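Residue numbers (this note's numbering): 136 to 330. Reviewing the structure listed below.
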Amino acid sequence: MRFSKPLLFIACLLPLAWIIFSTGQAINPIEFLTRQTGTWTLNFLLITLAVTPLRRLSAYGKLLLYRRMLGLYVFFYAFIHALTFFVFDHGLDPAAIWHDVIKRPFVTVGFLAFVLLIPLAATSNQAAIRKLKRQWQRLHKLVYLIASLGVLHYLWLVKRDLTTPLIYAAILGLLFLMRTPMARRLDGILKQKGL
């Protein structure tokens with residue numbers, strides 16, 4: 136445990152290192168950077184959502200200790216993804232950015248997902264948990280909506296082969312299913328029977 140968090144911190148940066156290295160070799164660097172940071176935002180989002188079900192299935196309670204860091208990496212990659220859109224795609228031109236947000240549905244849902252991530256990242260600390268109390272849990276349930284918007288953003292972005300975004304949608308659906316009361320009851324029954 137002493138070394139696991141630093142190792143996880145470094146491991147979560149490895150995709151960024153690969154993206155930086157590969158962007159310079161891409162035919163369209165801006166498009167590559169945008170797509171890869173978006174993909175890794177979704178990857179970390181699904182991994183974060185998987186922590187609680189995996190902890191319940193494995194009975195390894197310490198998994199929850201990594202959830203906050205993973206959640207912050209969701210915002211980290213989302214921020215780079217959004218920054219690429221704001222700076223490289225639109226040159227920080229507010230009018231051009233807003234035009235895209237309003238006119239292109241996949242940009243609209245992606246932008247909304249990013250905006251909703253901001254308060255979650257800002258309150259991912261003990262001080263916020265103590266101050267907000269029960270409101271903190273309600274606020275952080277927005278992650279389910281954010282994940283849904285993120286997958287929808289990907290589905291609407293892709294114009295031809297929908298295989299990959301549909302895989303993300305299926306994984307998200309499975310994670311939602313695992314959090315239902317029925318799934319929890321079934322898990323409890325299996326544990327009682329030693330299965």
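Backbone N, C-alpha and C fix where the C-beta goes; we use that ideal spot for every residue, glycine too. As the structure is a computational prediction, the values presented were derived from the model and not from experiment.
Beta-carbon proximity check, residue i vs residue j, cutoff 8 angstroms
{"i": "Leu205", "j": "Thr219", "result": "no"}
{"i": "Leu267", "j": "Leu277", "result": "no"}
{"i": "Arg314", "j": "Pro188", "result": "yes"}
{"i": "Leu181", "j": "Arg190", "result": "no"}
Per-residue DSSP class, three states only, for residue i
{"i": "Ser193", "result": "helix"}
{"i": "His234", "result": "helix"}
{"i": "Lys140", "result": "helix"}
{"i": "His225", "result": "coil"}
{"i": "Pro300", "result": "helix"}
With 16 other Cβ atoms within 10 Å as the buried cut-off, status of residue i
{"i": "Gly173", "result": "buried"}
{"i": "Ala257", "result": "exposed"}
{"i": "Gln160", "result": "exposed"}
{"i": "Leu307", "result": "buried"}
Candidates the options: closest to residue i by CA position
{"i": "Pro150", "options": "Val209, Ala194, Ser139 and Pro188", "result": "Val209"}
{"i": "Tyr279", "options": "Leu200, Ala217, Leu177 and Leu143", "result": "Leu177"}
{"i": "Asn163", "options": "Leu312, Asp228, Ala146 and Asp224", "result": "Asp224"}
{"i": "Phe144", "options": "Leu207, Gln270, Ile215 and Leu309", "result": "Leu207"}
{"i": "Tyr212", "options": "Thr315, Trp233, Leu309 and Gly285", "result": "Gly285"}
{"i": "Leu252", "options": "Ala217, Trp233 and Phe221", "result": "Ala217"}
Quiz item: Do three or more CB pairs link the region 231-244 to the region 284-295 at distances below 8 angstroms?
Solution: yes
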